[in-house]
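Okay, structure first, notes after.
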Amino acid sequence: MEEVNALMQGFGVALSPFNLLLMFVGVVLGIIIGVLPGLGGANGVAILLPLTFSMAQQPGGTTSAIILLSCIYWGALFGGAITSILFNIPGEPWSVATTFDGHPLAQLGRAGNALTAAFTSSFIGALIAVIMITFLSPVVAGFALQFGPPEFFSVYLLTFCAFVGMSGGNAAKTIASMMIGFALAAVGLDSVTGTLRLTFGFTSLLKGFDFLIAVIGLFGIGEILETLEEGLAFKGASAKINMKVVLETWKELPRYWATSLRSAAVGCFMGIVPGGATPASFMSYGLARRLSRDGKDFGNGIVEGVVAPETAAHAAGTSALLPMITLGVPGSPTAAVLLGGLLIWGLQPGPLLFVEKPDFVWGLIASMYLGNIAGLIVVLTCVPLFAAILRIPFSIIAPVIIVICAIGAYTVHNSMFDVYLMVVFGVIGYAFKKLGYPLAPMVLALVLGDRAEENFRNAIKGSQGDMMIFFSNGLVGGLTGLALLLLFWPLIGAAWRAVLGKR
Amino acid sequence: MEKGEQGSAASVKAVEIGVAAVIFLFGALVVFDSVRVGAKWGDDGPQAGYFPLYVGLLICFASAAILVRALRDPVLAAESFVSREELKKILTVLVPTVVYVAVIAWLGFYVASTLYIAYFMWHLGKYAWIKIAPVSIGVSVAFFLIFEIWFSVPLPKGPLEAALGLN
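Quick mapping for you: the protein sequence lines, in order, are chains A and B.
Residue numbers are given in the numbering used here: position 24 of the first sequence equals residue 24, and the series is strictly consecutive.
Residue numbers are given in the numbering used here: position 16 of the second sequence equals residue 16, and the series is strictly consecutive.
If you want it as structure tokens, here you go:
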């Protein structure tokens with residue numbers, strides 16, 4: 001029970017009054033970010049990241065900084081449910097499935113029940129995922145301590161192949177988007193050879209592209225432009241929630257224990273795979289509809305239809321942090337931004353973190369428990385306040401959000417060039433979203449590009465250019481093989497169906 | 001997107017082809033530059049262009065596949081990417097935004113932001129000046145307090161701040 005002791009120490013770190021305050025501040029900010037159009041977990045954290053630079057320099061400050069930022073993430077996950085249920089606008093892609101039954105419930109005048117069910121199942125999903133992280137992450141990290149460059153590269157390969165194979169979209173578009181990310185990551189000074197790459201004589205490109213700017217532009221400005229098309233007014237159901245409704249819903253919820261557990265399992269598993277939260281929410285909604293006794297009523301507004309996607313999405317969003325802290329491979333764009341934060345604060349994400357910075361890691365894990373409790377309390381008590389934010393006219397909120405994005409982009413490096421870049425990324429984000437190019441692979445490639453390349457180089461340097469290094473032992477061979485299996489999964493699936501169909 | 005067949009400003013097919021072509025050119029640029037810096041095996045391991053060369057090639061292959069598929073698809077031409085109406089709305093936001101980030105450099109963040117929010121409220125929201133002034137100035141003052149004073153993160157300032165002695 002070594003983990004339990006470590007976790008208790010983590011609670012000691014996380015329970016300081018200052019960190020508790022940061023938790024509530026983070027959750028409230030996160031919910032606001034999740035509710036506002038154009039701001040989501042990823043760019044919200046990216047915009048606020050520069051504000052933690054000075055905080056992270058104080059002793060123990062990195063733990064406080066990660067607690068603040070990760071709580072913004074939990075808040076944003078909670079906030080997504082509010083807009084889905086009340087306004088039928090999914091704040092995040094993984095909240096789409098929540099609208100199927102959440103909004104009909106709100107139209108039936110049962111918004112309070114839908115919200116309570118959503119928040120409670122989010123909390124349960126997160127809790128199960130955090131328990132998994134508590135016990136699984138030391139094991140994974142210990143395992144990963146033996147990793148060398150070939151193993152790390154094959155883990156990255158696995159991450160990116162999973163995107164191509166599991167996303168279900170157009171594979172060529174996923175690859176294009178991802179490789180653009182890698183190319184942008186390569187821009188600037190090559191640290192190994194000292195060569196300038198892809199700068200074409202422009203001095204402003206020397207430092208390369210910062211992924212934070214890309215995240216703010218792609219998700220922030222891009223989404224505002226997209227929202228504009230759909231119209232400027234938000235029409236929403238009113239958000240009445242009181243203790244009676246909460247207790248009434250809580251009495252109903254234990255009936256769906258099977259759906260909860262199944263969705264949490266789907267979420268935990270899919271969350272470790274990058275980009276997993278959205279498919280996880282759809283998958284568990286589909287499973288619940290098929291397996292539930294009330295399956296035919298799904299879509300007309302039943303509580304179980306809210307429980308299934310919310311539990312899975314929140315479990316997936318939380319477990320996306322497991323590969324981030326143990327391997328340095330983020331499972332979602334927001335986790336990628338958090339990873340970028342660690343790098344900026346001077347921490348090396350990966351298995352060594354557990355050995356060198358146990359306070360940081362266990363403080364973070366403990367704050368996941370506490371942050372989600374804080375989140376549940378805040379959302380249950382303050383829903384009407386947050387819903388009121390969406391009633392601010394778009395002609396006021398839109399320019400304010402763009403101003404916030406511009407400030408966020410500027411403060412990363414105190415550079416105006418970054419603000420111009422942000423607008424360019426905004427236009428790219430708008431066009432890509434409408435054409436069905438996924439944005440998450442680009443962001444992940446931008447974050448991981450340098451590290452993937454470094455490990456690739458070191459690996460083939462060791463083998464004198466022989467690519468068979470990636471199959472040289474059981475571990476690395478297994479990882480590479482799994483990566484290739486995932487990459488060609490759609491083809492394998494099609495072939496399998498063809499064979500079965502013939503019989 | 002369904003509404004705009006006559007009012008379409010661009011078909012999905014045209015945009016899809018255009019974007020794929022731009023991506024292809026970008027990939028070609030990456031390949032070209034990788035070869036320039038050297039994409040072979042050097043004395044001490046792979047050269048600087050070794051990894052980006054494959055990245056560039058994959059960009060070219062992927063965008064070529066998208067391009068070919070878009071050229072062959074008969075349905076895409078009939079679909080509207082953006083209607084004239086929608087495009088107009090987007091430009092009413094995008095153009096001021098470009099102007100806004102361009103003027104930050106000489107007006108400073110706060111004055112530019114005040115004007116930008118005021119323009120939005122006036123043009124899109126049709127508010128009266130009596131409402132526009134307090135909101136736009138209030139938001140900028142709030143940002144000033146948060147960033148300059150609370151978090152001590154300095155943002156670019158212009159002539160107004162200089163005149164007020166706030167630099």
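All residues carry an ideal CB built from backbone N, CA and C; glycine is no exception.
On a predicted model such as this, the values are computed, not experimentally measured, just so you know.
(request) Evaluate Ala-162(B) with the Cβ neighbour count: other Cβ atoms within 10 Å of its Cβ, from every protein chain shown; 16 or more gives buried, anything less gives exposed. (result) By the neighbour-count criterion, in which 16 or more other beta carbons inside 10 Å mark a residue as buried, Ala-162(B) falls on the exposed side.
(message) So for Pro-74(B), helix, strand or coil by DSSP?
(response) In the displayed model, Pro-74(B) falls within coil according to three-state DSSP, outside both helix and strand.
(request) Round the Cβ separation of Leu-68(A) and Thr-52(A) to the nearest angstrom and send it over; I've been treating them as touching at under 8 Å. (result) The Cβ separation is near 6 Å, so the contact holds.
(request) Measure the beta-carbon distance from Ala-76(A) to Gly-34(A) and round it to whole angstroms, keeping in mind my assumption that it falls under 8 Å. (result) For Ala-76(A) against Gly-34(A), the beta-carbon gap comes to about 4 Å, under 8 Å, which counts as contact.
(message) Here's the rule I'm using: 16 or more other beta-carbon atoms within 10 Å means buried, otherwise exposed. How should Glu-356(A) be labelled?
(response) Sixteen is the threshold: since fewer than 16 other Cβ atoms of the shown chains lie within 10 Å of the Cβ of Glu-356(A), the residue is exposed.
(request) Say whether chain A places a C-beta atom closer than 8 Å to the C-beta of Val-19(B). (result) True, the Cβ-Cβ gap to chain A drops below 8 Å.
(request) Label Phe-18(A) either buried or exposed according to how many other C-beta atoms from any shown protein chain fall within 10 Å of its C-beta, with 16 as the threshold for buried. (result) Exposed is the call here.
(message) Please tell me whether Ala-46(A) and Ile-216(A) are closer than 8 Å, where the distance is taken between their beta carbons.
(response) Contact: yes.
(message) Using only CA atoms, which one of Gly-331(A), Glu-226(A), Leu-444(A), Gly-109(A) lies nearest to Gly-429(A)?
(response) Nearest of Gly-331(A), Glu-226(A), Leu-444(A), Gly-109(A) to Gly-429(A), Cα basis: Glu-226(A).
(request) Name, in chain order, the residues that DSSP records as bridge partners for Arg-197(A). (result) Paired residue(s): Gly-188(A).
(message) Determine whether the beta carbon atoms of Pro-441(A) and Thr-174(A) lie at a separation below 8 Å.
(response) Cβ distance < 8 Å, so Pro-441(A) and Thr-174(A) count as in contact.
(message) Within the continuous alpha helix (DSSP H) that includes Ala-9(B), where are the two ends?
(response) Taken as a continuous stretch (DSSP letters only), Ala-9(B) belongs to no alpha helix (DSSP H), being part of the beta strand (DSSP E) at 8 to 11.
(message) Please classify Gln-348(A) as buried or exposed, where buried requires at least 16 other C-beta atoms within 10 Å of its C-beta.
(response) Exposed.
(message) Here's the rule: buried if 16 or more other CB atoms are within 10 angstroms of the residue's CB, otherwise exposed. What is Phe-394(A)?
(response) Buried, since its Cβ has 16 or more Cβ neighbours within 10 Å.
(request) Report the neighbours of Gly-65(B) on chain A: residues whose CB is nearer than 8 Å to its CB, in chain order. (result) The amino acid occupying residue 65(B) in the given sequence is Ala; Gly does not appear at that position. Here the neighbours are Ala-172.
(message) So Trp-129(B) contacts chain A; which residues on that side make the cut at Cβ distance below 7 Å?
(response) Going along chain A, no residue has its Cβ under 7 Å from Trp-129(B), so there is no contact; the nearest lies around 14 Å.
(request) With 8 Å as the threshold, decide whether the Cβ of Thr-195(A) is near any Cβ in chain B. (result) Interface annotation, Thr-195(A): in contact with chain B, CB-CB separation under 8 Å.
(request) Have a look at Gly-346(A) and Thr-311(A) and give me their C-alpha separation to the nearest angstrom. (result) Cα to Cα, Gly-346(A) sits roughly 34 Å from Thr-311(A).
(request) Spell out the partners DSSP gives Gly-45(B) in its beta bridges. (result) Under DSSP, Gly-45(B) takes part in a beta bridge, and its partners are Gly-42(B).
(request) Mind listing, in chain order, the continuous beta strand (DSSP E) runs of no fewer than 3 residues lying wholly within the region 418 to 488 of chain A? (result) For the region 418 to 488 of chain A, there is no continuous beta strand (DSSP E) assignment of 3+ residues that stays within its boundaries.
(request) Taking only the alpha-carbon atoms, compute the straight-line gap between Met-1(B) and Ala-78(B) and give it to the nearest angstrom. (result) Caution is warranted here: a pLDDT of 40 is assigned to Met-1(B), below 50, making its placement in the model unreliable, and the coordinate value is therefore given only provisionally. Just so you know, the alpha carbons of Met-1(B) and Ala-78(B) end up roughly 11 Å apart.
(request) Step through the CB atoms of chain A and report whether any lies within less than 8 Å of the CB of Phe-144(B). (result) No, Phe-144(B) does not count as interfacial toward chain A.
(request) Determine the chain A residues that contact Gly-158(B) at a beta-carbon separation under 9 Å, and present them in chain order. (result) Scanning chain A for C-beta atoms nearer than 9 Å to the C-beta of Gly-158(B) yields nothing, as the closest lies near 12 Å away.
(message) At the 8 Å Cβ level, is Val-111(B) part of the contact set with chain A, yes or no?
(response) No, Val-111(B) lies away from the interface with chain A (no Cβ there is under 8 Å from its Cβ).
(message) At the 8 Å Cβ level, is Glu-161(B) part of the contact set with chain A, yes or no?
(response) No, Glu-161(B) lies away from the interface with chain A (no Cβ there is under 8 Å from its Cβ).
(request) Step through the CB atoms of chain B and report whether any lies within less than 8 Å of the CB of Leu-225(A). (result) Output row for Leu-225(A): interface = yes.
(message) If distances are taken between C-alpha atoms only, which option among Phe-298(A), Gly-125(A), Cys-161(A) comes closest to Ala-313(A)?
(response) Comparing Cα-Cα distances from Ala-313(A) to each of Phe-298(A), Gly-125(A), Cys-161(A), the minimum goes to Gly-125(A).
(request) Taking Glu-16(B) as the query, report the chain A residues whose CB atoms sit under 8 Å from its CB, ordered along the chain. (result) Leu-435, listed in chain order.
(request) Assign Thr-381(A) to buried or exposed, taking buried as 16 or more other Cβ atoms, counted over all protein chains shown, within 10 Å of its Cβ. (result) Classification of Thr-381(A): exposed, given that the 10 Å Cβ count is below 16.
(message) I'd like the list of long-range same chain contacts for Leu-504(A), defined as Cβ closer than 7 Å, with 5 residues on each side in sequence excluded.
(response) The structure shown has nothing for residue 504(A), since chain A only spans 1 to 503.
(request) Could you work out which residues of chain B lie near Phe-456(A), taking near to mean beta carbons separated by less than 9 Å? (result) Listed along chain B, the residues sitting closer than 9 Å to Phe-456(A) by beta-carbon distance are Pro-46, Tyr-50, Phe-51.
(request) Report the neighbours of Tyr-558(A) on chain B: residues whose CB is nearer than 7 Å to its CB, in chain order. (result) There is simply no residue 558(A) to check, as chain A begins at 1 and stops at 503 in what is shown.
(request) Kindly confirm or deny that the region 101 to 114 of chain A and the region 241 to 260 of chain A touch, where touching means at least three C-beta pairs closer than 8 Å. (result) A contact exists between the region 101 to 114 of chain A and the region 241 to 260 of chain A.
(request) Return no unless some Cβ of chain A is closer than 8 Å to the Cβ of Glu-79(B). (result) No, its Cβ sits nowhere closer than 8 Å to a Cβ of chain A.
(message) Do Lys-433(A) and Gly-299(A) count as a contact pair if the criterion is CB distance below 8 Å?
(response) No. Outside cutoff.
(message) Distance check for Gly-317(A) and Gly-328(A), CA to CA, integer angstroms please.
(response) Using only the alpha carbons, I get a separation of about 16 Å.
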